[in-house]
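Peer 1: The sequence shown: position 31 = 31 (our numbering), numbered continuously.
Cβ atoms here follow ideal geometry from the backbone N, Cα and C, with glycine treated the same way.
The model shown is predicted, which means the values in this text are computed figures rather than measured ones.
Okay, handing you the structure first.
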Amino acid sequence: QLQLVESGGGLVQAGGSLRLSCAASGRTFNTAAMGWFRQAPGKERQPVASIRWSGGSTYYADSVKGRFTISRDRAKNTVYLQMNSLKPEDTGVYYCAAGLGISLMTNWGQGTQVTVSS
């Protein structure tokens, strides 16, 4: 079984930055991609960014392009999400996920809260 543990959420003012981390442990060999999703209050969970474990190709939602950067450290089995120029609409619970692709995630972390104040 694959376990994902997120860290790095918190409260930040608009325009600020945060970096989220997601450490994977356990059965990682079936993981082709990892990504970040967020769920804003009263809304469905939406993809934010993903990265292919081999090759490193990335995907970003239009709303975060140019502000967020996803990266991975294969030696540490860890994925990061650097979030800059944060906006109040970025507020939500951010979930780390792993699987075969952005629409085929099968393992999820517990989530970490990000709150951006105006």
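1. Whole angstroms is fine: what's the gap from Arg72's alpha carbon to Lys43's?
2. Does the beta-carbon distance from Tyr95 to Arg19 come in below 9 Å?
3. Comparing alpha-carbon positions, which option in Gly101, Cys22, Thr28 and Glu89 lies nearest Ser7?
4. Under 8 Å by Cβ, that's how I've got Gly16 and Val114 pegged, so tell me the actual separation to the nearest angstrom.
5. Can you name the residues that DSSP bridges to Val64?
6. One question on the structure: do Val12 and Gly109 come within less than 9 Å of each other, judged by their Cβ atoms?
Peer 2: So, to answer that:
1. 28 Å
2. no
3. Cys22
4. Their Cβ separation, rounded to whole angstroms, is 11 Å, which puts Gly16 and Val114 out of contact at 8 Å.
5. DSSP, once it has assigned bridges, lists no residue as partnering Val64.
6. no
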